Each structure stands twice: as C-alpha cells, then as structure tokens.
Amino acid sequence: MEQTAKKGNGLGIAGFVLGILAVVFSFIPLMGWLMWILAILALVFGLVGCFGNKKSKSIAFIAVILAIAAVCVNRFYTAPKVTKALKSGLEEVLKNVDQEKVNEAVQEIGDAVKEAAEETPAE
C-alpha cells in the first residue's frame, strides 16, 4: 500500500513563527533591528507561501499580517516611547550642566593646543 504524503505549507509556517517572534520583539525597546529582520523574513516567507501553495494559504496569509502588525507596533507604539524617554533624559542632563566648568575645560583644551603648537618646530 502506498501512502500519499500530505503536502503542507512549510514556508507559510516558517513565516508564521517568524511573524510571532517579530511581534514579540516589536514591544522590546532597542530590539527593533531584530524585529525588522524577523518581520522582513516573515513577510517574504508568507508571500511565497501564499503564492506557492494552492491548498493551504491561510497560515501564510497570517504570517504576512503578523509581519505588518510587528512593524506597526514598533513604529507607532515602541519607537515614540523610546524617543520620548531619550529626549527627557537628554533635557535633564543639559539642565544639570555647569556652564562655568564647561568654559574652564574649553579654556584648558585651548591652552594645551597652543602649547603643543609652540613646541612643534615649524618646517
């Protein structure tokens, strides 16, 4: 007796798994680079799975949707929060800068450059 192998959608399943991982990493700040890689792979595998396999397209279509959702979450939810946190942190640092110390440091650097220029013989 011959058994016929049931043909699945391997690329669609791979895209689905990568899409789920992309959505998970889209919520983690500073992991956006990994999210982009996973989302692009999920999108490619999902599209190939949609157009390559005539029978089971649903899992591949879900992979495409997950890839798009991951990019949207990263772009409109995580990225603005990171930008806001960085901006407020930078404002706090700049508010606490002592201008006199900065001027003294710049003056010392200028004096050191002048001394080094005087010590270097002219050609």
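In the numbering used here, the protein residues as written are 5 to 127. Backbone N, C-alpha and C fix where the C-beta goes; we use that ideal spot for every residue, glycine too. Quick caveat: nothing in here was measured; it's all calculated off a predicted structure.
(request) Taking only heavy atoms of the ligand COA into account, decide whether any of them is closer than 7 angstroms to the Cβ of Leu-45. (result) For the ligand COA, the structure offers nothing, since it holds no ligand at all.
(request) Quick one: using the 10 Å Cβ neighbour count with 16 as the cut-off for buried, is Leu-70 buried or exposed? (result) Residue numbering aside, residue 70 sits at position 66 when the sequence shown is read from its first letter. Buried, because 16 or more other Cβ atoms sit within 10 Å of the Cβ of Leu-70.
(request) Return helix, strand or coil for Pro-84, following the three-state DSSP convention. (result) Here the question's residue 84 lines up with position 80 in the sequence shown. Helix, per DSSP.
(request) Please report the residue range of the alpha helix (DSSP H) in which Phe-31 lies. (result) The sequence position of residue 31 within the sequence shown is 27, counting from 1. Element bounds for Phe-31: n/a, residue is neither H nor E.
(message) For Val-117, report the span of its alpha helix (DSSP H) as first-last.
(response) Locating residue 117 in the sequence shown gives position 113, where the first residue counts as 1. Its alpha helix (DSSP H) spans residues 103-123.
(message) Taking 8 angstroms as the limit between beta carbons, can you name the residues of its chain near Asp-115, skipping five residues before and five after?
(response) Counting from 1 along the sequence shown, the entry for residue 115 is found at position 111. Once the five neighbours on either side are set aside, Asp-115 has no close Cβ partner at all.
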